[in-house]
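>
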Amino acid sequence: MAALTLHPDRLLPADPGVRSIARRLYAEVQGLPIISPHGHVDPRLILDDRPFVDPASLFIQPDHYVTRLLHSGGVPLTDLGVGEGPLPEPRAREAWRLFCANWQLLRGTPVRFWFESSLADVFGVSERPSAHNADALYDQIAEQLGRDSHRPRALLERFDIAFLATTDDPADDLAAHRALREDESIATRIAPTFRPDRYLEAGRPGWAELVKELGGDVGDYAGYIAALEERRRYFISLGAVSADHGHVDAGTEPLGIREAERIYRSALAGTVTPREALAFRRHMTFEMARMSCDDGLVMTLHPGIWRNHHPATLAAHGPDTGHDIPVALELTAALQPLLDRFGTHPNLHLVLFTVDPDVYSREIAPLAGFYPSVYAGAPWWFLDNPSEIRRYQRAVTEIAGFSRLSGFIDDTRAFCSIPARHDMSRRLDAGFLAGLVAEHRLEEDEALDTLTGLVVTQPREVFKL
Amino acid sequence: MAALTLHPDRLLPADPGVRSIARRLYAEVQGLPIISPHGHVDPRLILDDRPFVDPASLFIQPDHYVTRLLHSGGVPLTDLGVGEGPLPEPRAREAWRLFCANWQLLRGTPVRFWFESSLADVFGVSERPSAHNADALYDQIAEQLGRDSHRPRALLERFDIAFLATTDDPADDLAAHRALREDESIATRIAPTFRPDRYLEAGRPGWAELVKELGGDVGDYAGYIAALEERRRYFISLGAVSADHGHVDAGTEPLGIREAERIYRSALAGTVTPREALAFRRHMTFEMARMSCDDGLVMTLHPGIWRNHHPATLAAHGPDTGHDIPVALELTAALQPLLDRFGTHPNLHLVLFTVDPDVYSREIAPLAGFYPSVYAGAPWWFLDNPSEIRRYQRAVTEIAGFSRLSGFIDDTRAFCSIPARHDMSRRLDAGFLAGLVAEHRLEEDEALDTLTGLVVTQPREVFKL
Amino acid sequence: MAALTLHPDRLLPADPGVRSIARRLYAEVQGLPIISPHGHVDPRLILDDRPFVDPASLFIQPDHYVTRLLHSGGVPLTDLGVGEGPLPEPRAREAWRLFCANWQLLRGTPVRFWFESSLADVFGVSERPSAHNADALYDQIAEQLGRDSHRPRALLERFDIAFLATTDDPADDLAAHRALREDESIATRIAPTFRPDRYLEAGRPGWAELVKELGGDVGDYAGYIAALEERRRYFISLGAVSADHGHVDAGTEPLGIREAERIYRSALAGTVTPREALAFRRHMTFEMARMSCDDGLVMTLHPGIWRNHHPATLAAHGPDTGHDIPVALELTAALQPLLDRFGTHPNLHLVLFTVDPDVYSREIAPLAGFYPSVYAGAPWWFLDNPSEIRRYQRAVTEIAGFSRLSGFIDDTRAFCSIPARHDMSRRLDAGFLAGLVAEHRLEEDEALDTLTGLVVTQPREVFKL
C-alpha cells in the first residue's frame, strides 16, 4: 500500500537555493489565522454544528471540483450522489469507493493537494487512496466524523479561521447569521455577502415575482432601487462587507433614468426584450457601484462564465455541478463607464476576478495599476491552481506591484479544504517572493514584509475588515 | 568546423535535482514504439518504397516549418523549390546550400531540434551545417539515400512506428491503403483519416461538382448525408479511426432539417449566400459529431486558422507553404450545441486542438475537465515547441488532470522528423512530471505510470486503437 | 537605514548552473553602446543642455510609470505635479517625499529596477528610499543636478547612447533636430520619428484645420497625400528612420480612390461619420505602408490601447498620465490587406508591438515567421517587465527564431532610465539564452553570437541604421 505523506516542502520551488529562501518566508506565515472574505460555506453548517454525515457528503457530493474530474473520467454524477442530500450508507460508501478507485484522475491538479492535506491533516490518513483501501479509509473517516473533535465548530476553531464570509441571496432573512452573531462561543467573525445577480437580470422567467421578494414597494423603478438599498443596509447591519456580482459580461453602461424606468416597467409586464434586459443589467451593475460608494460594501466581480453549459446535467443534478465554463472576457471597455464615474471614489473597492487568464496582464493589472479603487482578485474557479496562481503573481505584480492584489480568496463550499487552499496560497506566495529575492529584485526583509501583508494586512484592507 | 552533437540531456530541465528525476523517467519511455494518430505522410511513400530523391526533396521542399523560416529570413521560396516536385540536382543542391548557410535562422526553434536529431541519428551527420560544409553534407546524405537502409520502409521500421495515420480526402479510393493492408511485410499499422472539410463548405466555387465525387445520389440533402456516411464506412473498413475537421471557427449550431435541405439545394444551384454556407458548415460539423456517435470515428478539431494568408504565395507555390496564420478562437459557445447533444455520449471522442494558446486554460481544459468525451489535443502547428508544450502541460493538467490529454500527435509531413518530434514530447513530458515530483506534488512511481500512459496508453485509448 | 545595492547578478536566472552561463554571456554585452530606435525624449533637452531642475521634475512628474503606481496606491496626481512644469521647491520636495514614503509600492515592478539603477549608478545613492531619508536623498540628488557632470549631454555621453530616436509631430519644423545635426560636439546620432496618428483620424474635432498644418495644398485628397509624403521626405532629410503608428486597432483595409476622396471631402466639410473616419484611417494605414515601401521609413505599429481611460485625469493632468489601458488585439485579419500587397516588398520593415501578450504566440510570431518584412517588436508599455519579456522571448523565438526580434526598444520619456532599461533587457536576453544552452538547445558560441546580434546588429538592421 503506497503511503500518503505531506512533504514539508511541497509546492516550494525546486531549486535548492530558492527553496531555502522560500522555506524561511513560509515558516513566518504558515501558522497565521485564516481570513476568508469570499466563499460558499452554508452558515447553518456552523450554526447547527451537526456532525458531518459521512465521507461522501463531506468530501464528494458538494464539491464540484472533485465530481467534475470523476465525471470527465467516466464516472456518472448519479453514482456520486451529486445534487442529492446525504445518501444511504451503501450508496455513500459506493461513491467513496469510486472516488478512491479513481484517485489517479486527480494527479497534477490542485484538488489532489487539497485532498491529501485534508485527509492527512484532518483525518490522519496515511495511505494513498485506492480501490483496495477505500472501505478502510471510509471507516476511518466515518468513525472520526462521529467525534466532537470533527464537528463543524471544532474544525472552524482548529482551522483557525478568523473571518469567514458566506454568499447569500438578497432576500435571505439571514436568520442563521443573526443567530451566529449572538453566539459568543464562536471566535470566528462570520459575515454574509450580498449576491444580487438574479434580481438584476430582468429577462429571467418569473422576474416580476422574484423582485417582490426584496420587500418594499417594487412596483416602480424607484421602489426597486430603494428595496435593493434597503437589503444592502440590512446585510451590512449583520456584518456584510461585500457585494458579489457574477454576470456573463462586465458591462456597466448606465441608462438615463427614463430608460431605466421604462425597461423596468416592461420587465414587470413580462415584455422586456433580451436586449433591454441586457442593457438594464449593465445599468444596474453601474448602480451597484454607485451604492457601494454610498454604503461602503466592497464590490467583487466574477464575470466571464457560461453557467450550466450542459443542460442535461443541470436538469438532473442542479447548478454548480462542474460545467460552468469560461468565455473570453473584456474589461477595459466594459468597466470604463463605472470607472469614469467612480474609479477614484474613496469608498469604492472593486475587486476584479477573471477565468480568462490573459486578462490579468492585458486589463486587470493595468486597471489596478492606475485606479486606486481597483484590486486584482486572486485566481478563481479553474485558475486556482499552482501554475495559474504563478502566472497571476507575475502578471499582476510586475505591472501593478503587490499592493493591488486582493489577498487569497478560497471561494469554496468544501469546508475541509479551506486550510489546505490557504496553505497552498501561502506556499506559492513564499515561493514567488523567494524567486524575486534569488534574482536580487527584492531584499529578504522586503519579501517577508510583503508576504505577511498578503496573508494578513491586504485582505483586511481590501475587504475593509 | 563546429560539431553537431546530441546531448543526452537535451530539453530536460536545467536544475540538477529535477534533471536527475527527469532522466530516470525519460529512460523508461525513450525506446517505446511510436504511435502517430494524426499526420500527413503520403501513404504512397510507404507503398512504393522508392528511395528519397535528394536532401532537398526530403528535408526542405515539403516542410513548411523549414521553408517559412528561411523565407522570413529573406530566402525566396522559389529558390527552395517549394510546391515543385524533385528538382534537378543543381537546384536541389542550391536549395540545400541556402538551408545550410542560413542554419542560424533555426536557433531557438523546435525545427532546429528536429533537424539536428534527424541529421545525426538518421544520417550520422556530426558537423553543424554551414555555408562551408553544405556540399559535403549534401553528398553525405545523398549517398545514404541511395542505400536500402534509408528507403521509407526501412526507416519506418527503424523509427519503430507502431501506428501511423495519414490524412485523406473522403473521395479518395484509398488504393494505397488497401494495398498496404494486404502487404504483410509491413509491421506498422497504417490507417487513413477522413478529412471532409471542403465537402462541408457549401460556398466554395464548384461545390456542386465537388460533392458528386462523394458518389451516391447527392442530388438532395438526404443523399448527401448518406454519401458522407457511406464514405466514412468505407474509410473505417480500411482502418480509419478518426475524422479530422479544420474550419476557421468551431461553430456547431444545428439547423432544422427543412433549412438544411433548403441551403443544400441553394448550394447545388450555386445561389447559396456566404451566411447560408457558414450556417450549413456549422450544421454539418454538428452532423459529423452525430455520425461519430453512430460509427465510432474519433472526431478531431483543428480550428482557428486563416489559411493561405499571402495569396501571391498560394498562387505561386500552392497551399501549406507556411502562411496559415492563427486567429482568436472561441470554443465554449461554439461547441455548446454539439456538447449539449453528444457531450456525454459514450461513443464520442472529441479531441480539441488550438493555435490560440490562451484557450487551453480558458476553454479546452475546463471542457475536458467535465465532458467525458472531450480531450485536449497536443499543441499543434505553431505551438508544437517546448515553451508552448510546457504551457499546455501546465494549463491542461492542473485543471483537468492527465487523463484528458490526447497524447502526442506529430501532425507532420516531414517523415524523418517523426521520431525526433516524439522524442521531444517524451523529454518534455518527463521534465514536466519530474518538476511535479521535485515539488512533492506527485510521487515518482505515479509520475512514471503517468508518463507511460501518455506515451502508450493514452493515444491508444483516445484514438480507439 | 536599509542599504540600496545593485547586485551584479540581478535578474539573472536563479539556478547556479544557468546563472554562470548567463554571467559569461552578459559580460560580453554589458558595456556595448546603447541603440534606442524608439522613444520619447524631447530633443530640446539635449539641444539646450540645461541642468535638470530638481529630483521631482527629473524622476517623477514626467514618468507615468511611476506616477500611476503612486496614484493606484492612493497618492493624488496633483500632489506629484503631474502635467505641470517644474514645481516650486517646496512642492517638488513634497512630491519626492511622497515617492520615497511609498517606495514599497514599487516592489516587484520593473520601475523598481530602473529606479534603483538610476539612483545608484547616476547619483551614487546607497540607501533604500523611505520617509526618513527622503529629504537627504533629495538634497543629494539636487546637489549633483547642479554639476556639469549631470547635465543632459554629459549623461548622454556617459550612458554611451549611440543612436537616439525621438517621436515627433509631422508638422513639427524639427528645428531642434536640425540644430542637433549641426552640432559636431554630440557623438550620439539623434533622429526624429514621424508620428502621424492624428492626421489620419479624419473624425477628430478640428481636423480640417489640423491637416493644414501639414503644409502644401491639402484642399483635396491628392494634395493631402502629397503633403504627407513631403513631410516624410523632410523627416528623412533630418535623419528619420521610422514612422510610428498608434491607433486603437490595426486595420489596413484600403479604399478605392473615389471613396477615399469622397470621405476626405466629407472630413474637410466636417460631415464625416465615425464609420467613414474609421474606414479612412484604416485606408491611410495601408497608405503609410505604401509610402514606407516608397521612401524606406521603417513602419512601427503600437495598436491596441484605449487612450485616456479616465477622462477626469485627462482633463486635470493631460494625456500620457498612466491610464492608457490595453484592449484585446487582432492582427491576422487586420493586417492581411497590407501584407497581401506589401508583405514581401524588400523595402518594408514592419515592426509589430502589442500590449495583449497572447498575441505574441498567436499572431505576431506566426506572421514574423513567414513574412520577411515583419518583426516582433519588443514588449511595450505594461509588458516591459521581466516576466512578460521572458514570455515574449519564448513565444517569438520558438516560432520565428531570433532573427525576427526587433531588438530592445526603451520607448521612454524618463531619460535617466534609458541605460537601466537596456541593461534589464541585456540581462534577460543573457538569461534566456543561458537557459537554452543549459537545456542543450544551443551551443554557447551560438548563444553569444545571438546575444550580440540582439544588442547591436538586430536593431541596426531592423531600423536600417
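Protein chains in written order, with our numbering: chain E, 1 to 465; chain C, 1 to 465; chain Y, 1 to 465. Note that CB positions come from ideal geometry on N, CA and C, so glycine has one too. Source: prediction; values computed, not measured.
If I'm right that serine 149/Y touches alanine 3/Y with Cβ under 8 Å, what's the distance once you round it to whole angstroms?
Residue numbering aside, residue 149/Y sits at position 149 when the third sequence is read from its first letter. Residue numbering aside, residue 3/Y sits at position 3 when the third sequence is read from its first letter. Not a contact, Cβ separation roughly 24 Å.
> Let me make sure I understand the geometry here. Which of Gly216/C, Thr313/C and Thr397/C has the alpha-carbon closest to that of arginine 341/Y?
Working through the third sequence from its first residue, we reach residue 341/Y at position 341. With distances taken between Cα atoms, arginine 341/Y lies closest to Thr313/C.
> Under the three-state reduction of DSSP, which class applies to isoleucine 409/C: helix, strand or coil?
Position 409 of the second sequence, counting from 1, holds the residue named residue 409/C. Of the three classes helix, strand and coil, the one that applies to isoleucine 409/C here is coil, per DSSP.
> Beta-carbon of phenylalanine 463/C versus every beta-carbon of chain E: anything under 9 Å?
As a working mapping, residue 463/C is identified with position 463 in the second sequence. Residue-level contact by beta carbon fails for phenylalanine 463/C and chain E, as no gap is shorter than 9 Å.
> Could you check the C-alpha separation between phenylalanine 370/C and serine 403/C for me, to the nearest Å?
Start at 1 with the first residue of the second sequence, and residue 370/C comes out as number 370. Start at 1 with the first residue of the second sequence, and residue 403/C comes out as number 403. If I take the Cα positions, the gap works out to 12 Å.
> According to DSSP, simplified to helix, strand and coil, what is tryptophan 306/Y?
In the third sequence, the residue the question calls residue 306/Y occupies position 306. Reduced to three states, the DSSP call for tryptophan 306/Y is strand.
> Select from the region 87 to 113 of chain E all residues with a C-beta closer than 8 Å to any C-beta belonging to chain C, and list them in chain order.
Gln104, Leu105, Leu106, Arg107, Gly108, Thr109, Pro110, Arg112 and Phe113
> Pop quiz: valine 241/E and leucine 465/E are said to be a contact at Cβ under 8 Å. What is the actual Cβ separation, rounded to whole angstroms?
Along the first sequence, read from residue 1 onward, the residue named residue 241/E stands at position 241. Along the first sequence, read from residue 1 onward, the residue named residue 465/E stands at position 465. The pair is a contact, with the Cβ atoms about 6 Å apart (cut-off 8 Å).
> Taking Cβ positions only, does tryptophan 380/C come closer than 9 Å to chain Y?
Taking the second sequence and counting its residues from 1, the one referred to as residue 380/C is at position 380. No - not a single Cβ of chain Y is within 9 Å of the one on tryptophan 380/C.
> Indicate the three-state DSSP secondary structure (helix, strand or coil) for tyrosine 371/Y in the structure shown.
Counting from 1 along the third sequence, the entry for residue 371/Y is found at position 371. Tyrosine 371/Y sits in coil when the DSSP states are folded into three classes, being neither helix nor strand.
> Please state whether DSSP places glutamate 184/Y in a helix, a strand or coil.
Working through the third sequence from its first residue, we reach residue 184/Y at position 184. Here glutamate 184/Y sits in coil by DSSP.
> Out of curiosity, what's the CA-to-CA distance linking glycine 296/C and aspartate 48/E?
In the second sequence, counting from the first residue as 1, residue 296/C sits at position 296. In the first sequence, counting from the first residue as 1, residue 48/E sits at position 48. Near 52 Å, if we compare the C-alpha coordinates of aspartate 48/E and glycine 296/C.
> So, at 6 Å on beta carbons, what are the nonlocal neighbours of tryptophan 381/C in its own chain, with the 5 sequence-adjacent residues on each side left out?
Position 381 of the second sequence holds residue 381/C. So the qualifying residues of the chain are Val355.
> Considering Cα atoms alone, identify which of Ala165/E, Glu28/E and Pro76/E is closest to alanine 191/E.
Position 191 of the first sequence, counted from the first residue, corresponds to residue 191/E. Among Ala165/E, Glu28/E and Pro76/E, the Cα nearest to that of alanine 191/E belongs to Ala165/E.
> With a threshold of 6 Å on Cβ separation, who are the neighbours of arginine 189/C within its own chain once the five nearest residues in sequence on each side are excluded?
Walking along the second sequence from the start, residue 189/C turns up at place 189. Only Phe163 meet the Cβ criterion.
> Cβ of leucine 331/Y less than 9 Å from any chain E Cβ?
Counted from its first residue, the third sequence places residue 331/Y at position 331. Closer than 9 Å: no.
> Given this structure, state the Cα-to-Cα distance separating aspartate 9/Y from glutamate 439/E, to the nearest angstrom.
The sequence position of residue 9/Y within the third sequence is 9, counting from 1. The sequence position of residue 439/E within the first sequence is 439, counting from 1. Each residue's alpha carbon lies about 7 Å from the other.
> Could you tell me which chain Y residues have their CB closer than 7 Å to the CB of aspartate 358/C, listed as they occur along the chain?
The count along the second sequence starts at 1 and reaches residue 358/C at position 358. Per Cβ cutoff of 7 Å: Asp358.
> Considering only C-alpha positions, which residue in the set His349/Y, Arg362/Y and Asp294/Y is nearest to arginine 391/Y?
Sequence index remark: in the third sequence, residue 391/Y carries index 391 (1-based). If we check each option's Cα against that of arginine 391/Y, Arg362/Y comes out closest.
> Work out the CA separation of valine 29/E and asparagine 102/E for me, nearest whole Å.
By 1-based counting over the first sequence, the position of residue 102/E is 102. By 1-based counting over the first sequence, the position of residue 29/E is 29. C-alpha separation (whole angstroms): 34 Å.
> Report yes or no: is there a C-beta of chain C within less than 9 Å of the C-beta of proline 76/Y?
Counting from one through the third sequence, the residue named residue 76/Y turns up at place 76. No, because no Cβ of chain C sits closer than 9 Å to the Cβ of proline 76/Y.
> With a CB to CB cut of under 6 Å and the five nearest residues on each side skipped, what residues in its chain are close to phenylalanine 235/C?
On the second sequence, position 235 is the one that residue 235/C refers to. So the qualifying residues of the chain are Pro192 and Phe194.
> Looking at C-alpha atoms only, which residue of Thr452/E, Gly256/E and Ala56/E is the closest neighbour of phenylalanine 280/E?
The residue you call residue 280/E lines up with position 280 of the first sequence. Closest by alpha carbon: Gly256/E.
> Is there a C-beta anywhere in chain E that falls below 9 Å from the one on alanine 450/C?
As a first step, residue 450/C is located in the second sequence; it is residue number 450 there, counting from the start. It is threonine, not alanine, that sits at residue 450/C in the sequence shown. Cβ-Cβ to chain E under 9 Å: yes for threonine 450/C.
> Closer than 8 Å by beta-carbon distance: list the chain E residues that pair up with alanine 2/Y, in chain order.
By one-based count along the third sequence, residue 2/Y stands at place 2. Ordered by position in chain E, the residues that pass the 8 Å Cβ test against alanine 2/Y are Glu443 and Asp445.
> Could you give the distance in angstroms between the alpha-carbon of proline 386/Y and the alpha-carbon of leucine 448/C?
Position 386 of the third sequence, counting from 1, holds the residue named residue 386/Y. Position 448 of the second sequence, counting from 1, holds the residue named residue 448/C. In a straight line, the C-alpha of proline 386/Y is about 34 Å away from that of leucine 448/C.
> If you compare alpha carbons, which of Arg97/C, Ala171/C and Phe115/C is closest to aspartate 139/C?
Here residue 139/C corresponds to residue number 139 of the second sequence, with the count starting at 1. The option with the nearest alpha carbon to aspartate 139/C is Arg97/C.
> Per DSSP, which one or two residues make a beta bridge with threonine 300/C?
By 1-based counting over the second sequence, the position of residue 300/C is 300. Threonine 300/C pairs with Asp244/C and Val351/C.
> Taking a Cβ distance cut-off of 8 Å, strictly less, list which residues of the region 8 to 36 of chain E are near chain C, in chain order.
Listed by position along the chain: Asp9, Arg10, Leu11, Leu12, Pro13, Ala14, Asp15 and Pro16.
> If you draw a straight line from the C-alpha of asparagine 542/E to the C-alpha of alanine 334/E, how long is it?
One cannot answer for residue 542/E here, as it falls past the ends of chain E, which runs 1 to 465.
> Taking threonine 300/E and valine 351/E to be in contact with their CB atoms under 8 Å, please state how far apart those CB atoms are, rounded to whole angstroms.
Position 300 of the first sequence holds residue 300/E. Position 351 of the first sequence holds residue 351/E. Between valine 351/E and threonine 300/E the Cβ distance is about 4 Å, and since that is below 8 Å, they are a contact.
> With a threshold of 16 other CB atoms inside 10 Å of the CB of histidine 132/C, please say whether the residue is buried or exposed.
Walking along the second sequence from the start, residue 132/C turns up at place 132. Exposed.
> Mind checking whether arginine 91/C and methionine 1/C have CB atoms under 9 Å apart?
Mapped onto the second sequence, residue 91/C falls at position 91. Mapped onto the second sequence, residue 1/C falls at position 1. No, they are not a contact pair.
> Just the Cα atoms here: how many angstroms apart are leucine 145/C and isoleucine 305/C?
The sequence position of residue 145/C within the second sequence is 145, counting from 1. The sequence position of residue 305/C within the second sequence is 305, counting from 1. Whole-angstrom Cα-Cα distance: 35 Å.
> For the alpha helix (DSSP H) holding arginine 474/C, just list the boundary residues, first then last.
Residue 474/C is absent from the model: chain C starts at 1 and stops at 465.
> Could you please tell me which residues of the region 410 to 429 of chain C, in chain order, have their CB closer than 9 Å to any CB of chain Y?
none
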